[in-house]
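Peer 1:
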């Protein structure tokens, strides 16, 4: 009586399910729990590893920065922040980001996988459809941003130079007491306007790169890293103008708004666009593009490589568990 080995378990196309096999087509498909777990881990690592660069990006997108917070490059910004404000200053706001990134990315990847699979069946009989990938990215973004937007508001307020908030709770309470709960979603429409094209380009680029580098869709770390980096760079560069507007809505730069004789709080994507343009013309829409691309390339590479690894690993564990439960043959 021999035990069932992983290499003997056949997929729906009768392919061996080896460690480097086509894990995405394993029967049964990876469960919702696997997608959510892998997505949560990937999201937390994506945001934490590159967080100092994200802090620099937020400052470099400031329309009217303090003279002490004007930087010519990402390296110079990090060096000056650490020297003048302390070693941990670039990590300020990381805690709220981690709290938001886990559930946001769990929904994001789980939704993407399910919608992509469903639409691909309709559009291309189960084949890889770029239209399905793009549409799935749009739907996943709506859920992701609904969870992540409040965390983004708090994070960016705490990242700014001379941020007046003592800690996370102080920031949340102050925003709620002075601006109301609506302040946490003031940039939601702009966030969606940015992230829907961002994620559509992101997913389509990733899947296109996978077709070229990994046509059999095996677990292949190198292809996931390269595809993720390319997807992050392209989508980040294209959507930088929207990210600048989102940062303005989230931070409500008092000095910049006062110089434009804008009283109260700036609301709406159209107002943000007009304000950015009035302040610096077309060039203002690309403030911080270097930091944004530098942040997104490794972040997206980390997210996809970690997600694909956990998806592969957890699915393999599930299959081995089911094979063990089935008993000897």
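Numbering (our numbering), first residue to last: 13 to 341. We put the CB at the ideal spot given by N, CA and C, even for glycine.
Alpha carbon to alpha carbon, what distance is there between residue 298 and residue 246?
Peer 2: 14 Å
Peer 1: What separation, rounded to the nearest whole angstrom, lies between the Cα atoms of residue 125 and residue 291?
Peer 2: 41 Å
Peer 1: Is it right to say residue 40 is buried, meaning 16 or more other beta carbons lie within 10 angstroms of its own, or is it exposed?
Peer 2: Note that residue 40 scores 41 on pLDDT, short of 50, meaning its location in the model is unreliable; the coordinates nonetheless yield the value given after this. The residue is exposed, with fewer than 16 neighbouring Cβ atoms inside 10 Å.
Peer 1: Below 8 Å on the Cβ atoms is my contact criterion, and I expect residue 237 with residue 313 to pass it. Report the Cβ-Cβ distance as a whole number of Å.
Peer 2: About 5 Å separates the two Cβ atoms, so the contact holds.
Peer 1: According to DSSP, is residue 112 helix, strand or coil?
Peer 2: Residue 112 falls in the helix class under three-state DSSP.
Peer 1: Taking the runs of the alpha helix (DSSP H) that are 4 residues or longer, which of them lie wholly in the region 158-209?
Peer 2: 180-191
Peer 1: Rounded to a whole number of angstroms, what is the C-alpha to C-alpha distance between residue 90 and residue 72?
Peer 2: 11 Å
Peer 1: Starting from residue 57, trace the alpha helix (DSSP H) both ways and give me its first and last residue.
Peer 2: Taken as a continuous stretch (DSSP letters only), the alpha helix (DSSP H) holding residue 57 covers 44-61.
Peer 1: Taking the beta carbon of residue 161 as the centre, do at least 16 other beta carbons fall within 10 Å, making it buried, or is it exposed?
Peer 2: buried
Peer 1: List in chain order: all unbroken alpha helix (DSSP H) runs of 4+ residues lying wholly within the region 91-148.
Peer 2: 106-136
Peer 1: Could you check where the alpha helix (DSSP H) with residue 254 kicks off and where it finishes?
Peer 2: Per DSSP, the unbroken alpha helix (DSSP H) holding residue 254 starts and ends at 252-263.
Peer 1: Pick from 244, 200, 197, 224: whose alpha carbon is nearest that of residue 213?
Peer 2: Relative to residue 213, the option among 244, 200, 197, 224 whose CA is nearest is 244.
Peer 1: Does DSSP put residue 345 in a helix, a strand or coil?
Peer 2: Any property of residue 345 remains undetermined from this structure, which presents the chain solely from 13 to 341.
Peer 1: Quick one: what does DSSP say residue 283 is sitting in, helix, strand or coil?
Peer 2: helix
Peer 1: Counting only beta-carbon separations shorter than 8 Å, does residue 218 have a partner in chain D?
Peer 2: The structure shown contains no chain D; it is built from a single protein chain.
Peer 1: Comparing C-alpha positions only, which one of 289, 300, 296, 264 sits nearest to residue 165?
Peer 2: 264
Peer 1: What whole-angstrom Cβ distance do residue 114 and residue 52 have, given they're in contact under 8 Å?
Peer 2: 4 Å
Peer 1: Do you know offhand how far residue 253's Cα is from residue 69's?
Peer 2: 13 Å
Peer 1: Could you tell me the distance, in whole angstroms, from the CA atom of residue 56 to the CA atom of residue 218?
Peer 2: 20 Å
Peer 1: Between 184, 129, 50, 227, which lies nearest to residue 119 when the distance is taken from Cα to Cα?
Peer 2: 50
Peer 1: So, with DSSP's three-state summary, where would you put residue 273?
Peer 2: coil
Peer 1: In this structure, does DSSP put residue 211 in helix, strand or coil?
Peer 2: helix
Peer 1: Taking the alpha carbon of residue 79 as the point to measure from, which residue in 147, 173, 191, 94 has its own alpha carbon closest?
Peer 2: 173
Peer 1: Would the region 227-242 and the region 317-333 be scored as touching if the rule is three or more Cβ pairs under 8 Å?
Peer 2: yes
Peer 1: Are there three or more Cβ pairs, one per stretch, closer than 8 Å when the region 197-212 is compared with the region 128-136?
Peer 2: no
Peer 1: In three-state terms, what does DSSP make of residue 226?
Peer 2: coil
Peer 1: If you reduce the DSSP assignment to three classes, tell me which class residue 32 lands in.
Peer 2: In this prediction, residue 32 scores a pLDDT of 38, lower than 50, which makes its location untrustworthy; the coordinate-derived value is nonetheless stated afterwards. Residue state, collapsed to three classes: coil.
Peer 1: Applying the 10 Å Cβ sphere with the 16-neighbour rule, what's the burial state of residue 66?
Peer 2: buried
Peer 1: Answer yes or no: do residue 310 and residue 110 have a C-beta to C-beta separation smaller than 8 Å?
Peer 2: no
Peer 1: What separation, rounded to the nearest whole angstrom, lies between the Cα atoms of residue 222 and residue 141?
Peer 2: 13 Å
Peer 1: Would you decide whether residue 176 is buried or exposed? Buried here means 16 or more other CB atoms lie within 10 Å of its CB.
Peer 2: Of the residues assessed, residue 176 falls on the exposed side of the cut-off, its CB having fewer than 16 other CB atoms within 10 angstroms.
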